[in-house]
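Peer 1:
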Amino acid sequence: MDDVFKALADESRRSLLDRLHARNGQTLNDLCDGLDMSRQAVTKHLAILETANLIATLKHGREKLHYLNPVPIHEIGERWIKKFDRAKLVALGELKRQLEKRDE
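Take any residue in the sequence shown, count from 1 to its spot, add 1143: that is its number in our numbering.
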């Protein structure tokens, strides 16, 4: 689980996970598109995400497709968040979003 927390600690890696969540099965070129990051940097971030088992890859011809694996994030939720009352956490999260939106 330490690898998962390490991987999630970086904003760039969370951004890559968000992109895979929005459209799963992307190539390295797809993931690099529109990012202010070198191809090598994206490759290193993807390697860390793969080590943490947050993504899986599949070769499709000459392309390597990247897929989100939500299981480790679910396990974090089960171990660290489930013990708290989920309804209260949802309410607090919504309050936080509303306050942040108001401050913009």
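Every residue, glycine too, gets a C-beta built ideally from N, C-alpha and C.
According to DSSP, is Leu-1108 helix, strand or coil?
Peer 2: Past the boundaries of the shown model lies residue 1108; the chain is included only from 1144 to 1247, so the question cannot be answered.
Peer 1: From which residue to which residue does the beta strand (DSSP E) around Arg-1211 run?
Peer 2: Here the question's residue 1211 lines up with position 68 in the sequence shown. Per the sequence shown, residue 1211 should be read as Leu rather than Arg. 1206-1211 is the span of the beta strand (DSSP E), which, as asked, contains Leu-1211.
Peer 1: Taking a contact to mean a Cβ-Cβ separation below 7 Å, would you say Leu-1197 touches Leu-1208 in this structure?
Peer 2: By one-based count along the sequence shown, residue 1197 stands at place 54. By one-based count along the sequence shown, residue 1208 stands at place 65. Contact flag unset, no.
Peer 1: Could you name the residues that DSSP lists as bridge partners for Gln-1169?
Peer 2: Translated into the one-based positions of the sequence shown, residue 1169 becomes position 26. Answer by DSSP bridge pairing, in chain order: His-1209.
Peer 1: What three-state label does DSSP hand Lys-1225 in the structure shown?
Peer 2: Stepping through the sequence shown from its first residue, residue 1225 is reached at position 82. If DSSP states are grouped into helix, strand and coil, Lys-1225 belongs with coil.
Peer 1: Provide the residue span of the alpha helix (DSSP H) that contains Ala-1190, from first to last.
Peer 2: Start at 1 with the first residue of the sequence shown, and residue 1190 comes out as number 47. 1182-1194 is the extent of the alpha helix (DSSP H) around Ala-1190.
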